[in-house]
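Remarks on the structure that follows.
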Amino acid sequence: MKKLKYMLIGLLALLLVLGLWYGRRSKAREYTKTEYVLDTTCSVTFYGDDAEAAAKEVFDEIRRIDDLMSLYKKSSDVAKINSAKAGEAVTVSEDTYKVIETALSIGEMSNGAFDITIAPVTELWNFEAENPVVPQESEIAEALSRVNYKAIELCKNRTVIKQNDDTMIDLGGAAKGYAGDCAVKAAEKYNLSGGIIDLGGNILCFGKNPKSENGKWTVGIQIPFSPAGTYEKTVEISSGAVVTSGTYQRYFEAGGKKYHHIIDPKTGRPAEQDYDSVTVVSDNSLEADCLATAAYVMGENAGKNLVEEFGGEIYFEQGKKNQ
Ligand code: AMP
Ligand code: MG
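According to my numbering, the stretch in the sequence shown is residues 4 to 326, in order.
In structure tokens, the structure reads:
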């Protein structure tokens with residue numbers, strides 16, 4: 004009788020331990036983390052036992068890319084290139100080298116609509132400032148005379164050489180896309196069943212979505228100038244990147260006109276189009292980022308053709324103000 008009592012107590016204790024363990028385990032299955040990085044609010048939601056550890060590493064990885072490619076951080080690869088003299092070989096990380104390589108090739112394929120040497124012009128418009136002002140024609144012309152992606156040469160041993168002292172690069176149209184690829188790679192090292200990463204409107208998905216029957220992810224395409232999270236169109240993907248370049252993401256108003264941050268390298272002014280955003284869906288987030296910016300500048304037909312050459316899908320959206 005006593006033996007049976009002890010066995011029952013043992014069984015209850017075991018059930019209690021198992022219950023606690025299972026409770027903790029199921030609680031850890033979904034984990035969301037949000038941080039301000041890459042000049043925007045980024046968040047990740049991961050599913051699986053390692054969700055919390057994966058999220059931590061993913062943010063470390065995003066910060067690493069930001070540190071390498073920021074235009075404003077003094078120790079970044081970009082700052083090193085920008086302060087170098089003509090002909091000086093600047094050694095950069097493998098990551099920066101790869102981003103510049105892809106950016107230059109999309110620069111070529113887009114006939115210069117995507118041009119990372121746009122930096123003197125973006126600096127002039129200074130969208131980051133508290134009170135930006137519209138630059139003078141003469142200032143735009145001077146800055147534009149320094150823009151030409153052909154002045155950047157990629158050489159052996161991860162070195163970059165500029166042809167002119169005053170050539171500067173801005174990887175703002177590509178770095179976030181690359182950070183997305185790196186974030187997914189970092190997450191996939193962990194025991195996760197799936198996850199979704201939002202880098203300020205650049206969405207990346209991998210694995211299975213536990214909240215949908217077919218395991219796929221549904222991503223909404225933001226309606227420009229509407230509150231964040233407002234959408235009509237959605238895309239359904241198994242995995243990959245959904246990257247948006249939109250005028251509503253960074254702009255200022257002066258004299259009743261909106262001036263946005265996607266610059267047409269032909270004019271040195273915000274590219275003027277009938278649409279307010281371009282979304283590219285692709286397996287490669289770096290390419291999608293360069294392509295979305297390029298396509299915004301190029302226009303609907305040329306932009307669509309370029310994206311299709313890369314095997315991606317493209318969507319153009321118009322905000323309410325234009326309808
Ligand atoms: P995205 O948000 O990806 O469209 O990138 C816009 C950012 O890329 C801007 O804030 C600038 O830093 C940079 N940029 C603007 N115009 C261009 C351009 N024509 N080619 C390359 N980068 C650009
Ligand atoms: Mg881009």
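Idealized CB from N, CA, C, for every residue including glycine.
Can you tell me whether residue i is buried or exposed? The criterion is at least 16 other CB atoms within 10 Å of its CB, across all chains shown.
| i | result |
| --- | --- |
| D63 | exposed |
| Q139 | exposed |
| D201 | buried |
| Q166 | exposed |
| A132 | exposed |
| G306 | buried |
| N194 | exposed |
| S215 | exposed |
| N212 | buried |
| Y181 | buried |
| A189 | buried |
| E256 | exposed |
| N287 | buried |
| Y152 | buried |
| T37 | exposed |
| E290 | buried |
| G218 | exposed |
| N304 | exposed |
| G183 | buried |
| G90 | exposed |
| G204 | buried |
State the Cα-Cα distance for the pair residue i and residue j, rounded to the nearest angstrom.
| i | j | result |
| --- | --- | --- |
| Y278 | D52 | 43 Å |
| L35 | V187 | For the record, residue 35 in the displayed sequence is Thr; it is not Leu. Those two C-alpha atoms are separated by around 15 Å. |
| V238 | I103 | 29 Å |
| V310 | P230 | 28 Å |
| G197 | C208 | 8 Å |
| K179 | V93 | 22 Å |
| A242 | D168 | Residue identity differs from the one stated: residue 242 is Ser in this sequence, not Ala. In a straight line, the C-alpha of S242 is about 42 Å away from that of D168. |
| D3 | T43 | With the chain represented from 4 up to 326, any question about residue 3 goes unanswered, as that position is not in the structure. |
| D267 | G176 | 13 Å |
| R67 | K76 | 12 Å |
| I119 | I155 | 9 Å |
| V222 | G232 | 10 Å |
| E1 | R149 | It is not possible to answer for residue 1, since the shown part of the chain is limited to 4 through 326. |
| E60 | T48 | 13 Å |
| F319 | G210 | 27 Å |
| C45 | A144 | 36 Å |
| K260 | I240 | 37 Å |
| G314 | S285 | 7 Å |
| I317 | T162 | 34 Å |
| I109 | I121 | 14 Å |
| I157 | E111 | One detail in the question is off: residue 157 reads as Leu in this sequence, not Ile. Using only the alpha carbons, I get a separation of about 14 Å. |
| A58 | G115 | 37 Å |
Name, in chain order, the residues that DSSP records as bridge partners for residue i.
| i | result |
| --- | --- |
| H263 | Y254 |
| Q225 | Y234 |
| C208 | I199, G243 |
| K36 | V47 |
| W220 | I240 |
| F319 | V281 |
| G249 | S280 |
| V93 | V163 |
| E156 | I164 |
| R272 | D267 |
Return the chain-ordered list of same chain residues with a C-beta closer than 6 Å to the C-beta of residue i, the five sequence neighbours on each side being excluded.
| i | result |
| --- | --- |
| E55 | Y34 |
| H263 | T250, Y254, P273 |
| A295 | V246, S248, V281, V283 |
| K88 | D168 |
| N85 | M171 |
| E191 | none |
| E312 | none |
| L74 | V81, D173 |
| S29 | Unreliable positioning characterises S29 in this predicted model, as indicated by a pLDDT of 48, which lies under 50. The coordinate reading is nonetheless provided below. Once the five neighbours on either side are set aside, S29 has no close Cβ partner at all. |
Starting from the C-beta of residue i, find all residues in its chain whose C-beta is less than 8 Å away, skip the five residues before and the five after it, and write them out in chain order.
| i | result |
| --- | --- |
| A146 | P123, V124, E126, L127, P138, G271 |
| K159 | none |
| F228 | Y251, D279, G322, K323, K324 |
| V40 | F62, I65, R66, D69 |
| K83 | V93, V95 |
| Y234 | G223, I224, Q225, I226 |
Once the 5 residues before and after residue i are set aside, which same chain residues still bring their CB inside 7 Å of it?
| i | result |
| --- | --- |
| M72 | S79, D80, V81, T99, V102, L174, A178 |
| N129 | P135 |
| S113 | A297, M301, L309 |
| Q276 | Y299, G302 |
| C185 | E64, I68 |
| Y50 | R32, E33, L195, S196, G197, G198, P213 |
With a threshold of 6 Å, establish whether the CB of residue i neighbours any heavy atom of ligand 4.
| i | result |
| --- | --- |
| G176 | As far as ligands go, the structure on display features ligand 1 and ligand 2 and does not contain ligand 4. |
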